[in-house]
Amino acid sequence: MTLPHPEAEGSILKAAKAAFFFLSTSGIISGMRALIWVFRLFLFLLLFGFAVKNDDVVVLRFFFGAQWQVPLVLVILLFVTIGVLIGVTATLTTLYRQHREIGHLRDQGAAPPAEGRGKAPIAHGPDLPETY
């Protein structure tokens, strides 16, 4: 793999700086929004470089002699996607349960007692003070 010419790298950086300056000063995009887009571009380029460096073919061996030959980056992408889906599913089930419980409490018309709001919480334990 050949490295890009240093002057080409500098010209790309100059163009990016000029585009950022134009967008931020013209009012088209705010400074924070531009910073977020710069971060997204950096993250994309980082992941793209990671994918290019890990293009080797790996063999996944399953039961009963089944094999699957696929590029390493696709295996990593597949398992990251599965992990994200599991996390999102767990979060959504918790949010749905809380939403359902809040709706149930609203239907009951249950409000916490007003006299209990002003009291200090009672805490017991070896390292907690007896009173507040």
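Under this note's numbering, residues 214 to 345 are what the sequence shown spells out, in order.
Heads up, the beta-carbon is just placed ideally off N, CA and C, and yes, glycines get one too.
In this text the structure is predicted, and so the values were computed from the model without any measurement.
Asked, Found
"Cβ pair residue 270, residue 283 closer than 9 Å", "yes"
"Residues that DSSP places opposite residue 274 in a beta bridge", "280"
"Nearest-angstrom beta carbon gap, residue 267 and residue 285 [assumed within contact, 8 Å]", "5 Å"
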